[in-house]
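Chains as they are written, first to last, in numbering that gives the first Met the number 0: chain A, 0 to 313; chain B, 0 to 212.
Structure record follows, encoded as structure tokens.
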Amino acid sequence: MAANKKKTMNQKHDRRTFLKGAATCAAAGSALIASGCNNRPLPGGDDEMSVRWKEYFKKNYQLMTPEEKEATIRRLEQLSKLDYDVDASIARTEPRGKVLFGYAFNITRCEGFMDCVQACVEENNLDRKSKTQYVRVFEMENGQMDISTGNGKYFHEVPKEDHFYMGIQCFHCEQAPCIKACPTKATWMEPDGIVVVDYDWCIGCRYCMAACPYWGRRFNWHDPEVPKEEMNKKQHYLGNRMRKKGQMEKCTFCIQRTRNGKLPACAEACPTGARVFGNLLDPDSEIRFVLKNKKVFRMKEELGTDPKFWYFID
Amino acid sequence: MNVFKKVIPVLLVWGGMLLAFSGCEGVSGHQDVMELIKAADKPVESMKPTEALPSAPLVIVKEPYQGGPFYTQSRKSEIGRFQCSSCHTGKDVTINQAKEAAHGDIKLFHGAVDDPNACDTCHNLSDRDYLGTDSIAKIDFDHSYQLCGTCHFRQKKDWVGGAHGKRVQNWAGQRVVQNCTGCHNPHSPRFSKRWPATFSLPDSVLPDQEDEG
């Protein structure tokens, strides 16, 4: 009896048995994947499984050749049709030379109408279920400078007496703590100063979220939900293309708009003209006029993050 | 001699490492933003936006900004019954129910509370197709900033420079900005109170204010 028992114990740990078992499991697993997913054909003659496979094992966006970028964009457009039934056109517009984007926010003019937030949600395909918002507007008492005393959840007629409004979003810091915190190099700064995320390279560890002193990053706890008819089809690989569960996202200065010369959605929507956007390297630009002629400050400047987002007063 | 032989390679390695690490500075970003801005003092050729502006009549503003001439939107094309002189011929208007049909409903909330503006503070009484007064200047409706700027000169300076008002659609390309009346109702220029377009933030994404405040 004892010998028999010993024999079975040995068998259990036998290398050959283990490998056999592993091989069987792998075969069963792949069979399960193949039967569990519909392997639907895609426009262009590819089939779903091979497209998803290639998407899963693609490189970091920064390391891709232009051809590889084109290929992944084509795959993402195919999958957008499959997953959301939307004919998205995903761009990969590169940064222009001699452009460094900067933003200024007029705290005298902002009256808290939140049109910017609404425009941002619609432009950037933000999750409607969890009400993800890149822009936050805080209602602050006059004279108060500490944003943590502000009310971020006000909902009454605005503007309220003796209060002013202060919007925050990603400040696209030149010394961005979020970039330093990322363990996978899934987030970086583009040459035109926009801090971007390669959503497909993000492992969802949320270190960047913890590192950001401005609460600039958002995490997807589930797959974002955007009604098909409301989805913005003009997308950018580093911008408003659909994210997935477990990926980090953030304001990209509307990269899909600004790299084509348009204003970010928040600046265009602002009814009071409190938002100034432009090229910091152009001495004639509006943003440079603000920096030169108005009283400006940056939030938590003492941290040395060197944000490209200024507040100013009239 | 032996001591030197030992020290020199150590020094060399140490110096090499110093050089290598000093070369690594600024890997994550550019240099200081303010330095970059100060260094960029030459005009740059603005990129062309890929999307053209919605076709609306534009006028060239009579005062250039720091980057040269710029444009604003025409106002006359927005006024439904322009020209005004088609009714205001210099005699009394005798059209039936003209007050109801035209602009008799306008209420003025402009100027000091105890000393509000009148129509002829801004409108030219002797030539109704123009703003301004004879004593100052006749001002075209398309160039209303000239009139607004007589009182709001600070705002006008900021508007010309770019700190007040907003551009139309594009940050790049030819500069086109909203005119004063693009955002403000001239008869009631302050934005009226209203409900926000959306409300903010579920708890899960709010900064933990109680901990910090």
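Backbone N, C-alpha and C define an ideal beta-carbon position, used for all residues, glycine too.
Model, not experiment: these values are computed from the prediction.
Start-to-end residues for the alpha helix (DSSP H) that takes in residue i
i, result
"Tyr83 (chain A)", "65–83"
"Glu285 (chain A)", "285–292"
"Ile254 (chain A)", "254–257"
"Gly110 (chain B)", "No alpha helix (DSSP H) holds Gly110 (chain B); DSSP gives it neither H nor E."
"Gln234 (chain A)", "Where Gln234 (chain A) is concerned, there is no enclosing alpha helix (DSSP H), although the beta strand (DSSP E) it sits in stretches over 233–235."
"Tyr144 (chain B)", "143–150"
"Ile178 (chain A)", "176–180"
"Ile138 (chain B)", "Taken as a continuous stretch (DSSP letters only), Ile138 (chain B) belongs to no alpha helix (DSSP H), as it is neither H nor E."
CB-CB length for residue i against residue j, believed under 8 Å
i, j, result
"Phe104 (chain A)", "Ala273 (chain A)", "6 Å"
"Ala210 (chain A)", "Cys172 (chain A)", "Wrong, their Cβ atoms sit about 11 Å apart, outside the cutoff."
"Gln72 (chain B)", "Ala55 (chain B)", "6 Å"
"Ser88 (chain A)", "Lys243 (chain A)", "Actually they are not in contact, since the Cβ atoms of Ser88 (chain A) and Lys243 (chain A) sit about 19 Å apart, beyond 8 Å."
"Phe190 (chain B)", "Thr271 (chain A)", "6 Å"
"Val159 (chain B)", "Tyr64 (chain B)", "5 Å"
"Ala185 (chain A)", "Val196 (chain A)", "6 Å"
Partners in chain C for residue i, counting only beta-carbon separations shorter than 8 Å
i, result
"Pro270 (chain A)", "No chain C is part of this structure, whose protein chains are labelled A and B."
Separation of residue j from residue i, as counted between CA atoms
i, j, result
"Glu301 (chain A)", "Thr183 (chain A)", "28 Å"
"Ile193 (chain A)", "Cys253 (chain A)", "9 Å"
"Ala39 (chain B)", "Asp305 (chain A)", "17 Å"
"Arg108 (chain A)", "Asn95 (chain B)", "43 Å"
"Gln255 (chain A)", "Val295 (chain A)", "28 Å"
"Trp170 (chain B)", "Gly89 (chain B)", "45 Å"
"Leu107 (chain B)", "Cys147 (chain B)", "15 Å"
"Gln246 (chain A)", "Glu228 (chain A)", "23 Å"
"Phe276 (chain A)", "Thr64 (chain A)", "31 Å"
"Ser79 (chain A)", "Arg73 (chain A)", "10 Å"
"Ile286 (chain A)", "Met46 (chain B)", "16 Å"
"Glu66 (chain A)", "Tyr198 (chain A)", "19 Å"
"Leu75 (chain A)", "Met230 (chain A)", "15 Å"
"Gln174 (chain A)", "Tyr70 (chain B)", "37 Å"
"Ser49 (chain A)", "Glu69 (chain A)", "17 Å"
"Lys331 (chain A)", "Glu50 (chain B)", "The structure shown does not extend to residue 331 (chain A), since chain A is modelled only from 0 through 313, so no value can be given for it."
"Gly101 (chain A)", "Met113 (chain A)", "21 Å"
"Val289 (chain A)", "Pro158 (chain A)", "24 Å"
"Cys250 (chain A)", "Arg216 (chain A)", "8 Å"
"Gly142 (chain A)", "Cys119 (chain A)", "29 Å"
"Asn38 (chain A)", "Leu81 (chain A)", "11 Å"
"Pro195 (chain B)", "Glu156 (chain A)", "7 Å"
Residues of its chain near residue i, where Cβ-Cβ distance is below 8 Å and the 5 sequence neighbours each way are ignored
i, result
"Pro42 (chain B)", "Gly66"
"Met298 (chain A)", "Ile146, Ile167, Phe170, Tyr213, Pro306, Phe308, Tyr310"
"Thr197 (chain B)", "none"
"Asp126 (chain B)", "Ser84, Lys137"
Residue i - containing beta strand (DSSP E), residue span
i, result
"Glu47 (chain A)", "Glu47 (chain A) -> not in any beta strand (DSSP E); alpha helix (DSSP H) instead, spanning 47–55."
"Tyr164 (chain A)", "162–167"
"Tyr198 (chain A)", "Run containing Tyr198 (chain A): none; DSSP gives neither H nor E here."
"Val134 (chain A)", "Neither: Val134 (chain A) is in no beta strand (DSSP E) and is coded neither H nor E."
"Glu248 (chain A)", "247–249"
Close-in-space but distant-in-sequence residues of the same chain around residue i (CB under 6 Å, 5 per side omitted)
i, result
"Leu125 (chain A)", "Thr131"
"Met139 (chain A)", "Gly149, Phe163, Met165"
"Gly151 (chain A)", "Arg135, Phe137"
"Val258 (chain A)", "Contrary to the premise, residue 258 (chain A) reads as Arg rather than Val in this sequence. Closer than 6 Å at Cβ, skipping near neighbours: Thr92."
"Asn278 (chain A)", "Val98, Ser284"
"Pro94 (chain A)", "Glu189, Pro190, Asp191"
7 Å Cβ shell around residue i - same chain, five flanking residues per side excluded
i, result
"Leu130 (chain B)", "Cys121, His122, Asn123, Ile138, Phe140, Ser143, Leu146"
"Lys192 (chain B)", "none"
"Gly76 (chain B)", "First, the amino acid is wrong: residue 76 (chain B) is Ser here, not Gly. If we look at Ser76 (chain B) and ignore the five residues flanking it on each side, its Cβ neighbours are Pro56."
"Pro40 (chain A)", "Asp46"
Interface residues of the segment 58–74 of chain B facing chain A [CB-CB below 9 Å]:
Per Cβ criterion, the list reads Tyr64, Gln65, Gly66, Gly67.
Identify each residue in the segment 239–267 of chain A for which the Cβ-Cβ distance to at least one residue of chain B is less than 8 Å, and report them in chain order.
Thr257, Asn259, Gly260, Lys261, Leu262, Ala266, Glu267
Chain-ordered residues of the segment 101–120 of chain A with a beta carbon less than 9 Å from chain B
Gly101, Ala103, Asn105, Arg108, Glu110, Gly111, Phe112, Met113, Asp114, Cys115, Val116, Gln117, Ala118, Val120
Relative to chain B, which residues along the segment 273–301 of chain A have a C-beta separation below 8 Å, given in chain order?
Arg274, Val275, Phe276, Gly277, Asn278, Leu279, Leu280, Asp281, Pro282, Asp283, Ser284, Glu285, Ile286, Arg287, Phe288, Val289, Leu290, Asn292, Lys293
Note down, in chain order, all residues in the segment 155–186 of chain B with a beta-carbon under 7 Å from any beta-carbon belonging to chain A.
Gly160, Gly161, Ala162, His163, Gly164, Lys165, Arg166, Gln168, Asn169, Trp170, Ala171, Gly172, Cys182
Of all the residues that make up the segment 219–235 of chain A, which are near chain B by a beta-carbon distance shorter than 9 Å?
Trp220
Near-chain B residues of the segment 157–173 of chain A (beta-carbon distance less than 8 Å), N- to C-terminal order:
Contact annotation: in the segment 157–173 of chain A, residues whose CB is within less than 8 Å of a CB in chain B are Val157, Pro158, Cys172, Glu173.
Of the residues that make up the segment 33–59 of chain B, which ones have a beta carbon closer than 9 Å to any beta carbon in chain A?
Met33, Leu35, Ile36, Ala38, Ala39, Asp40, Lys41, Pro42, Val43, Glu44, Ser45, Met46, Lys47, Pro48, Thr49, Glu50
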